[in-house]
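4 protein chains.
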Amino acid sequence: MNKKLKMGMVGGGIGSFIGDVHRKAAGIDGMISLVCGAFSSSEEKSITSAEAIGISKNRAYGSFEKMIKEEAKLPEDERMDFVAIVTPNHMHFPPAKMALEHGFHVICDKPMTLTLEEAVELEKIIAASGKVFALTHNYTGYPMVKQAKAMIAKGDLGTIRKINVQYLQGWLSTALEKTDHKQAAWRVDPKRSGIGGALGDIGTHAENLVEYITGTQITELAADLSAFGEGRTLDDDGNVLLRFANGAKGIMTFSQIATGEENNLGVKIYGTKGSIEWYQENPNELVVRWLDQPKQVFTPGGNGGYPESSDYVRIPAGHPEGYLEGFATIYRSFAKELLLTKEKQPSAQHDFPTAKDGVRGMKFVYAAVESSQNNARWIKM
Amino acid sequence: MNKKLKMGMVGGGIGSFIGDVHRKAAGIDGMISLVCGAFSSSEEKSITSAEAIGISKNRAYGSFEKMIKEEAKLPEDERMDFVAIVTPNHMHFPPAKMALEHGFHVICDKPMTLTLEEAVELEKIIAASGKVFALTHNYTGYPMVKQAKAMIAKGDLGTIRKINVQYLQGWLSTALEKTDHKQAAWRVDPKRSGIGGALGDIGTHAENLVEYITGTQITELAADLSAFGEGRTLDDDGNVLLRFANGAKGIMTFSQIATGEENNLGVKIYGTKGSIEWYQENPNELVVRWLDQPKQVFTPGGNGGYPESSDYVRIPAGHPEGYLEGFATIYRSFAKELLLTKEKQPSAQHDFPTAKDGVRGMKFVYAAVESSQNNARWIKM
Amino acid sequence: MNKKLKMGMVGGGIGSFIGDVHRKAAGIDGMISLVCGAFSSSEEKSITSAEAIGISKNRAYGSFEKMIKEEAKLPEDERMDFVAIVTPNHMHFPPAKMALEHGFHVICDKPMTLTLEEAVELEKIIAASGKVFALTHNYTGYPMVKQAKAMIAKGDLGTIRKINVQYLQGWLSTALEKTDHKQAAWRVDPKRSGIGGALGDIGTHAENLVEYITGTQITELAADLSAFGEGRTLDDDGNVLLRFANGAKGIMTFSQIATGEENNLGVKIYGTKGSIEWYQENPNELVVRWLDQPKQVFTPGGNGGYPESSDYVRIPAGHPEGYLEGFATIYRSFAKELLLTKEKQPSAQHDFPTAKDGVRGMKFVYAAVESSQNNARWIKM
Amino acid sequence: MNKKLKMGMVGGGIGSFIGDVHRKAAGIDGMISLVCGAFSSSEEKSITSAEAIGISKNRAYGSFEKMIKEEAKLPEDERMDFVAIVTPNHMHFPPAKMALEHGFHVICDKPMTLTLEEAVELEKIIAASGKVFALTHNYTGYPMVKQAKAMIAKGDLGTIRKINVQYLQGWLSTALEKTDHKQAAWRVDPKRSGIGGALGDIGTHAENLVEYITGTQITELAADLSAFGEGRTLDDDGNVLLRFANGAKGIMTFSQIATGEENNLGVKIYGTKGSIEWYQENPNELVVRWLDQPKQVFTPGGNGGYPESSDYVRIPAGHPEGYLEGFATIYRSFAKELLLTKEKQPSAQHDFPTAKDGVRGMKFVYAAVESSQNNARWIKM
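Protein chains in written order, with the UniProt record's numbering: chain V, 1 to 381; chain U, 1 to 381; chain R, 1 to 381; chain Y, 1 to 381.
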């Protein structure tokens, strides 16, 4: 019998957006079972969440420290296999470090840590631990993102010369943080978010997405960050010039004050032979333009898709998959790798974001802030 | 502790499209756990599937009869709560009847049965059983479908006058049934599909969708069915004139030989004050046109949505939900109703398709076939 | 010096929608000059229009009879070359007949005539006259329509099996004819429109478009026409089953009570190898789906277009052409043919709708009305 | 009789893209008649063009100097009223200056001149002449652009905070200038184009469009220009950070090496209450997002449009207008103003781009080049 991997969760009590997303995403493919959680720093609230979620209240803890210690004492076939960290940014490093040091694998929300220093340290801890670590840059889980990546890797688009990326949201257009809105509150608070606002929250997704798809890296950037919301100390909007290792140039724009936008992450990438365009809000279409052929539209599992993409499609073409499925793909690849590790087999190089991506993300945040503080001076990454 | 409902499955062995969809859909909201299955008529294959899926091989059965009998003997807190039937059409009625008669609730794929007679009989059996029965007309689970339904129910669009629906697929454009393609094979076989081909497979979805959204019913129809594929005895394409109880007129077109189409179910419904347009392949947009205001586009959880829609949204606006989530909504509503029944509480009228929809669907199939056999004569439904 | 062809207009005084369209369309390519007009049955109003338009008041007439007689007396290099008829339907036949019989070529708005009898007679008169006659089924002038036609003619899509067409407008959703709205008034008046309402006005466009693109013809139809507007005697909505000479089946839906729709003419045509989809409101995209390749999107003058299409493109790809340009293409092809006739050269078979299309359109109207009066019985065309 | 304004053309012989555009655009509204031209620097070629176009060969000149001198000698009701300049950039200033000084009005293609100095001088010459001067920044002629401008001017979108603009073409992705392609040749040649390549050709359109729509101005910019094409000395791609007078921030990206793009000019502008999105390739849709209402889509002449937009619509909603009509709107407004001037009436402030826009455009080009030469340092405009 193919037993499910056992997940413990840090954060993500009932009412949390991202905690629920992680639970649903972990559940879709039937490989993972949530068995315990430190859902809140209040044990009582943690138990309430556990009951609502449907797990035993004996496995609800009031702190991640307690969860890790107690679970470590349980028999191997009972205790959790890995920890999912879904807290605000300042609470990523501590539980990740402790879990790894107690022999647990870790899957963590992004950005990886509060500071670049933490990110660098965590990467070392992970390497030393021999455990599997995944970072939920979930947008890389979409089949059409994988199709774009495969097309570029195979040279279909020729040499990449222009890379534009946008991540536009409008939910902080008003002073939501001054209402009773928990997510807004910590997002605008440097103590919990770090030195980046929208930059850390969504800019890192944009950075990760273009580096993932193109296979090249940002070498330097010039960023003009703004805090339009009154009283905000962290950026809620940014425009960035980009230069890439392969000679490409690009531009990034991100915002949480782009009124009326919901979650409009999109990329346009131009090569010498062709180009791609993709938007997260309509994720099942990949537009490909060619030098001398009509424009094409690829779909998940549809005609002409590469195995690198179609292997990640769960249902036939025309049956749209969404955000949760893309997120689930990260969980599934992490789970497959974890199973190999558990069985002491060699890695199959399953495709999911790792500590390396996490460090890149934090370097990006630090470079952009430094640039912006210097009136958009070029900063190397 | 909020224990999960226990599901047993009939059909849906590894490699089945719809079995996997049911499993994933049942799993998303964390309310249901698959505990047993008669995944195949071969016990050996059933066990193989059970192992791949990750359930105990003791609970893998070689027939639905055996599953129902054996499970009924288990202690109440161990045995399955309900049966999910995911077999071809001819195998819907027998397991549904037996399960209900042994005290199990049932969720069944559509169309409800092989024949109209079976559908009428099953409706009676369900009523007599006091059990919960759901039919997976999954497209009614999409939030934007529920938004459309709510807008019409509230009178926002005025009196409905015109109802157009299409369901276009191309997967049977070639003679796929002559290759080693299981799904194509039973779809074109009257013994397993019944008297409707594309009509029963997707026409019933179209019929169900427009009746669900508009709240009115088809009273008569004139159908021109075709079997374009060489040697096919069942229709693979159809065009239908529709008249509705409220005076509206309409048109339906469905096809499985619409080359290049993936799963293009769409509706356009026109009232005296406004109209709606929705497509399943891009399910997170509902276009609403008005008599004297600019066109609007509603999104799940977005501005202006009614609670009747937004209550069914799992993640914030802009984070697309897809086919599995819509399907999961049917499972979740069924599960909620089942829990009430288990706890002997009154029904909360949770919104999911039932036997009534199943009988309508079979009446539609029979009326369309009779009409088409009489050169598209009007047939009352 | 390449002198411009001289146009006389019947109807189309200032304030007329379609008269202005004809003038602008005739003007775009610089081959035609408006020199005279019977813009109104009031000579005074006709002069007012002439002055506003910028032509000599000496060439403004109070009746088409007078215009034709007076112009015929002018020297050849001064008098009009052809008549453009832009009046309501009941005033198409009389001026067309008289103009042809006085040696003038004719371009006429659709439907060709008030009655089928007139259409048949006019076709004979045209043939006998040796003059050029064009019917402004303007939608055939769009480059992407021509691309679709060429692809089908070349067999790119294989055998055509399914033909769906819609023409949806909402401007008669309310009782506009009871306000001071001239166009609505004559459109709902059988004396001026004929036996078809929306059927004649836009249904004929839909019929013409699918026969033009596919090269096959409707052989029989079953129509369910409705007059939703209170007190209307002519249809304002219709749904039609179609059967074609080549074995294809299809469906047509048209409406002028489709609330919120502007001018939504669209076709979906499916062959054994591929299919096309095109909408007039976004005329510069032709979606082509294939059996085994990704969906393509063709654009006017863009990659992969056939000369049969790109020859009709005025400006580079990405510079949208619209309704007036499509209309102008009819005028230009008519003008080229007319020049050949003038110079007594053989026809170059320039591509524009003729009397044959006009007779088809009237037959369609008559068949649909007869079918609808017989409860959607099949009527041969 | 309302006589047509008489146009003389400099450049634009047969085969020229933009000359033909100007002719068609000038012709659509029936207010302007082409009477003469210096279509080529070869008198013979100029005559050939004149004949093909259909104007008298007596009015075909071998140089703009000759045209201006000869026409000036003609009687007032015979000679041209204004000059349309459609030559490469280096040939804008000389004919414009001479025409103005000889009493002719001028309409000129963009960018206004070869150099900023010329632009500043030309602005002075125009002011001194009392003649009407229009610059064909044609994209401001689209009704949906005017709707966007009106909505912002009325405060519907609140305070503008974020302004993104793109202008993406792919036609110079390959070394087209090394083939026999006249337009490519002069576009990459600093002697004929000036110091900006794509920057001057399309970047100025982007700059003009956002300043037109928003009513605010770029105050400083940081530009990263590239010449990807081998051997090119002028930019063929650029990314620019923008800061605006009203405090808004923005980003511009333009390219002529964006493979597969046709003419993808688009803007996204975000205010505190709402935002707009518009694309030139689909110009008849204006998407408006709101803080707390569903997204709307405005159409020319459609529901909810302001007179500031609908006054510029020629045909009913749903009948798409395109590039030529937008261009024609510039011509029409210029013509109306010219008529007032001719009749010595006060200006009605008709809305078309003028020398002021031309100077802004050249300042933008100079600032961007200076910035890019200084590694994207901020330059004030």
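Positions of the beta carbon are idealized from the N, C-alpha and C atoms, including for glycine.
Residue closest to residue i, alpha-carbon to alpha-carbon, out of the options
i                 : options                                   : result
Asp357 of chain R : R:Lys336, R:Asn375, R:Ile213 and R:Ser372 : R:Ile213
Ile14 of chain Y  : Y:Lys3, Y:Ile315 and Y:Lys24              : Y:Lys24
Ser226 of chain U : U:Thr219, U:Gly271 and U:Asp235           : U:Asp235
Gly170 of chain V : V:Arg243, V:Ile202 and V:Lys363           : V:Ile202
Phe327 of chain Y : Y:Gly12, Y:Asp29 and Y:Lys4               : Y:Asp29
Met91 of chain V  : V:Ser63, V:Gly318, V:Arg79 and V:Ala72    : V:Ser63
Leu291 of chain Y : U:Pro283, U:Gly304 and U:Val369           : U:Gly304
Met362 of chain R : R:Leu116, R:Val132, R:Arg59 and R:Cys108  : R:Leu116
Thr259 of chain R : U:Ile257, U:Leu157 and U:Leu34            : U:Leu157
Ile379 of chain U : U:Val287, U:Ala222 and U:Gly238           : U:Ala222
Ile21 of chain Y  : Y:Ala72, Y:Thr136 and Y:His102            : Reading off the sequence shown, one finds Val at residue 21 of chain Y, where the question assumed Ile. Ranking the options by Cα distance to Val21 of chain Y, first place goes to Y:Thr136.
Gly229 of chain V : V:Asn58, V:Glu177 and V:Ile32             : V:Glu177
Ser193 of chain Y : Y:Thr219, Y:Glu285, Y:Met112 and Y:Asn89  : Y:Asn89
Met67 of chain R  : R:Ala52, R:Ala153 and R:Ser41             : R:Ser41
Val11 of chain R  : R:Ala153, R:Lys4 and R:Tyr61              : One detail in the question is off: residue 11 of chain R reads as Gly in this sequence, not Val. Cα-wise, what sits closest to Gly11 of chain R is R:Tyr61.
Boundaries of the beta strand (DSSP E) in which residue i is found, first to last residue
i                      : result
Val267 of chain Y      : Asn264 to Gly271
Asn239 of chain R      : Asp237 to Phe244
residue 452 of chain R : Outside the displayed range of chain R (1 to 381) lies residue 452 of chain R, so it cannot be described from this structure.
Reduced DSSP secondary structure (H/G/I, E/B, other) of residue i
i                      : result
Gly13 of chain U       : coil
Met144 of chain Y      : helix
Gly302 of chain V      : coil
Val120 of chain R      : helix
residue 408 of chain U : The structure shown does not extend to residue 408 of chain U, since chain U spans only 1 to 381, so no value can be given for it.
Arg192 of chain U      : helix
Met252 of chain Y      : strand
Leu286 of chain Y      : strand
Ser362 of chain Y      : The identity of residue 362 of chain Y in the sequence shown is Met, whereas the question assumes Ser. Met362 of chain Y falls in the helix class under three-state DSSP.
Ala60 of chain V       : strand
Lys356 of chain V      : helix
Cβ of residue i within 8 Å of any chain U Cβ
i                 : result
Ala153 of chain V : no
Endpoints, alpha helix (DSSP H) assigned at residue i
i                 : result
Ala223 of chain R : Not the alpha helix (DSSP H): Ala223 of chain R falls in the beta strand (DSSP E), residues Ile218 to Ser226.
Ile85 of chain V  : No alpha helix (DSSP H) contains Ile85 of chain V, which is instead part of the beta strand (DSSP E) from Phe82 to Ile85.
Glu51 of chain U  : Glu43 to Ile53
Burial state of residue i (16 or more Cβ within 10 Å)
i                 : result
Thr233 of chain V : exposed
Thr140 of chain U : buried
Thr179 of chain U : exposed
Gln373 of chain V : exposed
Chain V within 8 Å of residue i, Cβ atoms only
i                 : result
Glu44 of chain U  : no
Lys162 of chain Y : yes
Below-8 Å beta-carbon distance, residue i vs any chain A residue
i                 : result
Lys295 of chain Y : Among the protein chains in the structure shown, which are V, U, R and Y, there is no chain A.
8 Å Cβ cutoff, residue i in contact with chain Y
i                 : result
Met1 of chain U   : Per-residue confidence for Met1 of chain U stands at a pLDDT of 41, beneath the threshold of 50, marking its modelled position as unreliable; no derived number is given.
Glu262 of chain R : yes
beta-carbon residue i near the ligand SAH non-hydrogen atom, thresh 7 Å
i                : result
Lys57 of chain U : In terms of ligand content, the structure shown is empty, and the ligand SAH therefore cannot be addressed.
Within-8 Å CB hit, residue i to chain R
i                 : result
Ala222 of chain U : yes
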